[in-house]
Amino acid sequence: MLLAALFVVLFSLVFCLLVAGLLHLLPRVGGEAWSRWLSEAPGLDVAVFALTVLPQLVGLAAGVARDAGFLGTILLILAAVVGQGLALFAWMRLHELAHKEAMRGPRLKRSMNRAVGPVANGFAVWWTALAVPVFAIVRLAEIVVYPPLVKIIHLPAYDTKGYINVSRQKHEHLVGADRIWCLYCDWMTGVWSLGTEILRNIESFWCPLRYGNAAKCENCVQEFPDIDGGWAPADSGMAGAVAAAEKHYPGPPDENGKPFNSWFGHPKRQALAQLTVGGAEVAGLEDAAATPRGGGGA
24 MLLAALFVVL
34 FSLVFCLLVA
44 GLLHLLPRVG
54 GEAWSRWLSE
64 APGLDVAVFA
74 LTVLPQLVGL
84 AAGVARDAGF
94 LGTILLILAA
104 VVGQGLALFA
114 WMRLHELAHK
124 EAMRGPRLKR
134 SMNRAVGPVA
144 NGFAVWWTAL
154 AVPVFAIVRL
164 AEIVVYPPLV
174 KIIHLPAYDT
184 KGYINVSRQK
194 HEHLVGADRI
204 WCLYCDWMTG
214 VWSLGTEILR
224 NIESFWCPLR
234 YGNAAKCENC
244 VQEFPDIDGG
254 WAPADSGMAG
264 AVAAAEKHYP
274 GPPDENGKPF
284 NSWFGHPKRQ
294 ALAQLTVGGA
304 EVAGLEDAAA
314 TPRGGGGA
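Numbering (this note's numbering), first residue to last: 24 to 321.
As structure tokens, then:
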């Protein structure tokens with residue numbers, strides 16, 4: 024078991040460093056197109072999967088292959104995580120050594136160390152890595168669960184590239200720890216914002232009824248504007264919820280004649296609703312069809 028664990032650690036360490044090295048190398052050897060593809064969905068999904076999930080799947084596979092049992096398999100998965108952590112630490116150090124001039128300039132890490140102390144800042148930033156599987160699962164749901172709803176009940180489709188992308192690597196002086204954690208935030212914010220936009224559609228479609236807790240309504244209204252923009256009052260019961268649903272669905276027909284069943288305040292839905300009976304185009308309809316910016320979640 025010890026040899027298997029060491030193998031998984033070593034595989035995870037070397038594999039992650041090789042992937043990181045490839046990402047650095049591509050734009051320098053004529054692979055700018057591939058580099059751009061890997062910086063946004065779906066290429067970014069592939070890169071994130073390779074760096075965050077694949078090593079742990081190798082640990083899982085090693086546990087199953089060796090018939091290591093439940094605890095043994097968990098140990099091998101944790102060995103993969105150890106390898107990933109070592110790879111991340113090694114990459115940060117190597118990146119900092121390769122950018123000594125930037126290291127002498129202003130750094131977010133240095134500023135945050137002064138603000139809360141280096142021990143607290145270091146522990147806290149590594150602690151946030153525990154949330155990576157959560158964001159990965161949310162992204163998987165966006166890829167697997169939501170698209171069938173677009174086809175089946177005509178919820179709006181989204182250009183995920185506008186959400187799932189990273190660009191902070193283009194800042195030359197963002198190096199080492201600063202760069203990796205800024206890229207993490209870059210990715211997770213897009214994942215969460217797209218998830219919020221999707222949940223707006225789902226909430227308004229299946230249960231347009233305000234929450235019975237006033238504090239929850241107040242706290243959630245920024246991310247779910249329909250709370251104050253069409254959901255039935257909490258005390259209106261099923262009759263109110265049904266009335267709200269029937270008022271807003273099916274949504275106005277889109278350019279293909281299919282109902283646009285988005286959340287009520289979606290910019291494109293509002294533009295479609297303004298079309299005249301004769302079908303005259305509304306100015307700005309194409310702009311409204313772009314990634315929505317309503318509320319605070321997108």
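Cβ coordinates follow ideal geometry from the N, Cα and C atoms, glycine included.
| Check | Outcome |
| --- | --- |
| Within 9 Å, strictly: CB atoms of T212 and P65 | no |
| Segments assigned alpha helix (DSSP H), at least 4 residues, entirely inside the region 178 to 266 | 199 to 229, 237 to 243 |
| Cα-Cα separation, L217 to A27 | 39 Å |
| Beta-carbon contacts of T299 that lie in its chain and below 8 Å, excluding the five residues immediately before and after | With a pLDDT of 39 at T299, under the threshold of 50, the modelled position of that residue is not reliable, and no figure is offered here. |
| Inside the region 93 to 147 only - alpha helix (DSSP H) runs reaching at least 4 residues | 123 to 126, 131 to 139 |
| Burial state of I160 (16 or more Cβ within 10 Å) | exposed |
| Burial state of F146, where buried means 16 or more other Cβ atoms lie within 10 Å | exposed |
| Beta-carbon separation (whole angstroms), V31 vs A85, contact threshold 8 Å | 6 Å |
| Buried or exposed (CB count within 10 angstroms, at least 16 for buried), P248 | buried |
| For E63, the residue or residues it bridges with in DSSP | N188 |
| Of the listed residues C230, W204, A102, nearest to S259 (C-alpha basis) | C230 |
| Residue nearest to F268 in terms of C-alpha spacing, selected from S58, G253, D277 | The sequence as given places Ala at residue 268; Phe does not occur at that position. Nearest C-alpha to A268: G253. |
| DSSP state of T299 mapped onto helix, strand, coil | Because the pLDDT at T299 is just 39, under 50, the model does not fix this residue reliably, and the value given afterwards should be weighed accordingly. Correct three-state label for T299: coil. |
| Where H118 falls, given that 16 or more other Cβ within 10 Å makes a residue buried | buried |
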